[in-house]
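> There's a structure below that I have some questions on.
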Amino acid sequence: MNECSGIHPYKCEICNKAFTQRCSLESHLKKIHGVQQGYAYKQRRDKLFVCEDCGYTGPSQEDLYLHVYDSHPGNAFLKKTTKKLAAILQTKITSVLQIKSTAQEEVEAE
Numbered sequence: 001m002n003e004c005s006g007i008h009p010y011k012c013e014i015c016n017k018a019f020t021q022r023c024s025l026e027s028h029l030k031k032i033h034g035v036q037q038g039y040a041y042k043q044r045r046d047k048l049f050v051c052e053d054c055g056y057t058g059p060s061q062e063d064l065y066l067h068v069y070d071s072h073p074g075n076a077f078l079k080k081t082t083k084k085l086a087a088i089l090q091t092k093i094t095s096v097l098q099i100k101s102t103a104q105e106e107v108e109a110e
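If you're matching positions, the sequence shown starts at 1 in UniProt numbering and goes up one per residue.
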């Protein structure tokens, strides 16, 4: 899906070239820069969760949900998210909003 959206979340830290898929980045690192990945056989790598609207990447689906909720309200992703995850995340969203509100009040008080 990233190929069509133009989003390239996997970036080479050596030359800043970006890719739509992790395997393309790993192939680039090996062929162009001679960097061998130190993964064991069938070892899982960290997964990135990518916003299809802006390319934001987060370490968890919860982080992506919070990003979409905050930056892209009304996005279809919010409607597709399961009710169970939505209930869990709603608690986190409420907590984050309370923290932001408290921080805003402290700034205004100064």
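C-beta atoms are modelled at their ideal positions from N, C-alpha and C, and glycine is treated no differently.
As the structure is a prediction and not an experimental result, all values here were calculated from the model.
Leaving aside the five residues before and after H104 along the sequence, list all residues of the same chain whose C-beta is less than 7 Å from its C-beta, in chain order.
First, the amino acid is wrong: residue 104 is Gln here, not His. Once the five neighbours on either side are set aside, Q104 has no close Cβ partner at all.
> Which residues share a DSSP beta bridge with T57?
For T57, which the question treats as bridged, DSSP gives the partners V50.
> Rounded to whole angstroms, what's the CA-CA distance from V96 to D46? Just pull it up for me.
25 Å
> Any Cβ of chain C within less than 9 Å of the Cβ of I88?
Absent here is chain C; the protein component of the structure consists of one chain.
> Indicate whether the contact test is met: 3 or more Cβ pairs, each with one atom in the segment 57–68 and one in the segment 22–38, closer than 8 Å.
no
> Buried or exposed: which applies to C15, given that a residue is buried once 16 or more other Cβ atoms fall within 10 Å of its Cβ?
exposed
> From E108, G6 and Y10, pick the residue whose C-alpha is nearest to that of G58; which is it?
Y10
> Where A18 and K31 are concerned, what is the direct C-alpha to C-alpha distance, given to the nearest angstrom?
15 Å
> Excluding the 5 residues preceding and the 5 following L72 in the sequence, name in chain order all residues of the same chain whose CB lies nearer than 7 Å to its CB.
A small correction: the amino acid at residue 72 is His; Leu does not occupy that position in the sequence shown. Contacts found: D53.
> Just the C-alpha distance for A76 and Y69, rounded to the nearest angstrom, thanks.
11 Å
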